[in-house]
Ligand code: UD1
């Protein structure tokens, strides 16, 4: 099982739990590629998600995409050659997903891809390339929403290796949400933030297309500063974004509260009570749909259309006027009311493990 970047850790957690329940049948090893390495971007999740420490750590973070991908491939190849797994399970669409699926397939090890078939159609997005390449060589496809199956069939995959299982991210969300409601969490820094505001919105931004270009980032900032006059905004800042805020000298004003990246529980505690979430994250579009919180997605496209068709997500692009007016609509009470998509019921990991039980000899 491969995990490398922040959004991977919560996706493997439910699979670990489901595999642990079938110790009669499965053994597994967790490989952390080290793509994300700061305590707040990595270790804190392992501590909080209740998953074992990784068996292997490749320490391949930082650098260009090529450097990172190459380092992961070299390290992962050694592990596969030594351990000879019967299957390599990858999740999501990050560089670690791409690197490890290529290594496995070239060693004739079957690849299981969790969250397969999503497509934004935008090849300027590194994740889209990762998704296409991974799915080109995957053996078993676990899909989260109807569009995933449709894309895979259009791309010529056999229907009997595409499995509609629901979403492991939602499994984990419901698991952590129940723990939070029962008070099974340590001291959360978001509690003191919440005490300061009766109503607030939450922002996350980290896509290179939004935060790496000074003009685009300044435009987004303009919309956020304006919206923050109507609703205070809390912004846990990704390291890439933090560096660019400083580099470009962007000031978000006193109604946008910047924080360090938060742990899963701390962040959930924050956004579950937000009036609105403004984001360019993939996972958060889905999580807000799962809990029925209005979400405004600051991107021109989404690879997760079910969140728009059925959920609470509105795709607004990066025009500041459109962003501000979407936030205003939510504040007027005109936000979207969605429903939770089929199979987003907390049982995806169990379904995945029962498929693996059948397909692995
Ligand atoms: C990666 C994923 C993206 C995912 C995001 C979640 C790819 C192509 N992108 O983007 O899909 O949504 O993770 O966070 O895999 N950095 C740190 N400390 C860390 C991690 C990153 O300082 O622990 C900084 C470094 O400068 C690093 C940069 O952030 O070079 C970018 O990290 P990287 O993993 O390459 O991409 P993300 O933008 O995090």
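In my numbering, the protein residues as written are 440 to 800.
In this text, a Cβ means the ideal position worked out from N, Cα and C, and glycines have one as well.
So what does residue 471 bridge to, in DSSP terms? The residue you call residue 471 lines up with position 32 of the chain shown. Note: residue 471 sits in a beta bridge opposite 442 and 496.
Count the other CB atoms within 10 Å of the CB of residue 610; is the residue buried (16 or more) or exposed (fewer)? In the chain shown, counting from the first residue as 1, residue 610 sits at position 171. Buried, since its Cβ has 16 or more Cβ neighbours within 10 Å.
Nonlocal neighbours in the same chain, by C-beta distance under 6 Å from residue 567, ignoring five residues either side: By 1-based counting over the chain shown, the position of residue 567 is 128. Answer for residue 567: 559 and 561, listed in chain order.
What residues come near the ligand UD1, if near means a beta carbon less than 5 Å from any of its heavy atoms? Residues with a Cβ closer than 5 Å to any heavy atom of the ligand UD1, in chain order: 444, 445, 474, 475, 476, 477, 480, 501, 533, 534, 565, 566, 678 and 679.
Given 8 Å as the limit, is there contact between the segment 640–656 and the segment 619–632, that is, 3 or more CB pairs closer than that? When C-beta atoms of the segment 640–656 are compared with those of the segment 619–632, fewer than three pairs fall below 8 Å, so the two segments do not count as touching.
For the candidate residues 712, 714 and 741, whose alpha-carbon lies nearest to that of residue 725? To locate residue 725, count along the chain shown from 1; it is residue 286. That would be 741, whose Cα lies nearest to the Cα of residue 725.
Considering only residues of the same chain and omitting the five flanking positions on each side of residue 501, which have a CB-CB separation below 8 Å? Translated into the one-based positions of the chain shown, residue 501 becomes position 62. Excluding residues within five positions, the ones whose Cβ falls inside 8 Å are 476 and 507.
Would you say residue 600 and residue 573 are within 9 Å of each other, going by their C-beta atoms? Counting from one through the chain shown, the residue named residue 600 turns up at place 161. Counting from one through the chain shown, the residue named residue 573 turns up at place 134. Not in contact: residue 600 and residue 573 (Cβ atoms no closer than 9 Å).
Outcome for residue 474 when other beta-carbon atoms lying within 10 angstroms are tallied against a minimum of 16: Position 35 of the chain shown, counted from the first residue, corresponds to residue 474. Residue burial is scored here from C-beta neighbours: residue 474 has at least 16 other C-beta atoms within 10 angstroms and is therefore classed as buried.
Return the CA-CA distance between residue 606 and residue 674, expressed in angstroms with no decimal places. Taking the first residue of the chain shown as 1, we reach residue 606 at position 167. Taking the first residue of the chain shown as 1, we reach residue 674 at position 235. Pairing residue 606 with residue 674, the inter-Cα distance amounts to about 26 Å.
Rounded Cβ spacing between residue 604 and residue 782 (contact assumed at less than 8 Å): If you number the chain shown from 1, residue 604 lands on position 165. If you number the chain shown from 1, residue 782 lands on position 343. Correct: roughly 7 Å between the Cβ atoms.
Closer than 8 Å is the cut-off here; do at least three beta carbon pairs connect the segment 573–589 with the segment 526–541? A contact exists between the segment 573–589 and the segment 526–541.
Per DSSP, what kind of secondary structure is residue 640 in: helix, strand or coil? As a position in the chain shown, residue 640 is number 201, starting the count at 1. The answer is strand: DSSP assigns residue 640 an E or B state.
Since residue 671 contacts residue 639 with CB under 8 Å, what's their CB separation in whole angstroms? Within the chain shown, numbered from 1, the residue matching residue 671 stands at position 232. Within the chain shown, numbered from 1, the residue matching residue 639 stands at position 200. A Cβ-Cβ separation of about 5 Å places residue 671 in contact with residue 639 under the 8 Å criterion.
Short of 6 Å in beta carbon distance, which residues of its chain neighbour residue 739, apart from the five on each side in sequence? Order them along the chain. As a working mapping, residue 739 is identified with position 300 in the chain shown. Hits under 6 Å: 756.
Alpha carbon to alpha carbon, how far is residue 444 from residue 614? For this step, residue 444 is matched to residue 5 along the chain shown. For this step, residue 614 is matched to residue 175 along the chain shown. Straight across, the Cα-Cα distance linking residue 444 with residue 614 is about 20 Å.
Write down the C-beta distance between residue 718 and residue 736 rounded to the nearest angstrom, noting that I regard them as a contact closer than 8 Å. Residue 718 sits at position 279 when you count from the first residue of the chain shown. Residue 736 sits at position 297 when you count from the first residue of the chain shown. Going by Cβ atoms, the distance from residue 718 to residue 736 rounds to 6 Å, so yes, they are a contact pair.
Give me the Cβ distance between residue 642 and residue 709, rounded to the nearest whole Å; I'm assuming they're in contact under 8 Å. Taking the first residue of the chain shown as position 1, residue 642 is located at position 203. Taking the first residue of the chain shown as position 1, residue 709 is located at position 270. The beta-carbon separation of residue 642 and residue 709, rounded to 11 Å, does not stay under the 8 Å limit for a contact.
Residue range of the alpha helix (DSSP H) that includes residue 579: Position 140 of the chain shown, counted from the start, is the residue given in the question as residue 579. From DSSP, residue 579 is part of no alpha helix (DSSP H) but of the beta strand (DSSP E) over 579–582.
Would you grab the beta carbon distance between residue 586 and residue 744 for me? Rounded to a whole angstrom, and I think it's under 8 Å. Position 147 of the chain shown, counted from the first residue, corresponds to residue 586. Position 305 of the chain shown, counted from the first residue, corresponds to residue 744. Distance from residue 586 to residue 744 at the Cβ level is roughly 5 Å; contact confirmed, criterion being Cβ atoms closer than 8 Å.
Taking 8 Å as the cut-off, does the segment 755–775 touch the segment 512–526 (at least 3 CB pairs, one atom from each stretch)? At 8 Å Cβ cutoff, the stretches do not touch.
By the three-class DSSP mapping on this structure, what secondary structure does residue 830 have? The structure shown does not extend to residue 830, since the chain spans only 440 to 800, so no value can be given for it.
Let me know the secondary structure DSSP gives residue 624 once reduced to three states. Here residue 624 refers to the residue found at position 185 when the chain shown is read from its first residue. In the three-state reduction of the DSSP assignment, residue 624 falls in the coil class, being assigned neither a helical nor a strand state.
Simplified DSSP state of residue 752, which is helix, strand or coil: For the purposes of this step, residue 752 is taken as the residue at position 313 of the chain shown. Correct three-state label for residue 752: strand.
Using only the alpha-carbon positions, how far apart do residue 597 and residue 625 sit? Locating residue 597 in the chain shown gives position 158, counting from the first residue. Locating residue 625 in the chain shown gives position 186, counting from the first residue. Cα to Cα, residue 597 sits roughly 46 Å from residue 625.
Candidates 686, 461, 440 and 462: which alpha carbon is nearest residue 806's? Limits of the chain in this structure are 440 at one end and 800 at the other, which puts residue 806 out of reach.
For residue 720 versus residue 446, is the C-beta distance shorter than 9 Å? Working through the chain shown from its first residue, we reach residue 720 at position 281. Working through the chain shown from its first residue, we reach residue 446 at position 7. The answer is yes: Cβ separation under 9 Å.
So which of 526, 532, 694 and 791 has the shortest CA-CA distance to residue 460? The residue labelled residue 460 in the question sits at position 21 within the chain shown. Checking every option, the nearest Cα to that of residue 460 belongs to 791.
Taking 8 Å as the cut-off, does the segment 689–706 touch the segment 477–486 (at least 3 CB pairs, one atom from each stretch)? Taking 8 Å as the limit for Cβ pairs, the verdict is that the segment 689–706 does touch the segment 477–486.
Alpha carbons only, please: which of 557, 472 and 583 is nearest the one belonging to residue 590? As a working note, residue 590 is residue 151 in the chain shown. Of all alpha-carbon atoms in 557, 472 and 583, the one lying nearest the alpha-carbon of residue 590 is that of 557.
Is the beta carbon of residue 750 closer than 9 Å to that of residue 771? On the chain shown, residue 771 is found 332 positions in, with the first residue counted as 1. On the chain shown, residue 750 is found 311 positions in, with the first residue counted as 1. No, the pair does not count as a contact, with Cβ atoms beyond the cut-off.
Does the distance from the CB of residue 455 to the CB of residue 602 come in under 9 Å? Reading the chain shown from its first residue, position 16 is the one you call residue 455. Reading the chain shown from its first residue, position 163 is the one you call residue 602. Residue 602 is positioned such that its CB atom lies no closer than 9 Å to that of residue 455.
Residues bridged to residue 602 (per DSSP): On the chain shown, position 163 is the one that residue 602 refers to. Partner(s): 581.
Per-residue DSSP class, three states only, for residue 674: On the chain shown, residue 674 is found 235 positions in, with the first residue counted as 1. Here residue 674 carries a strand assignment [DSSP, helix/strand/coil].
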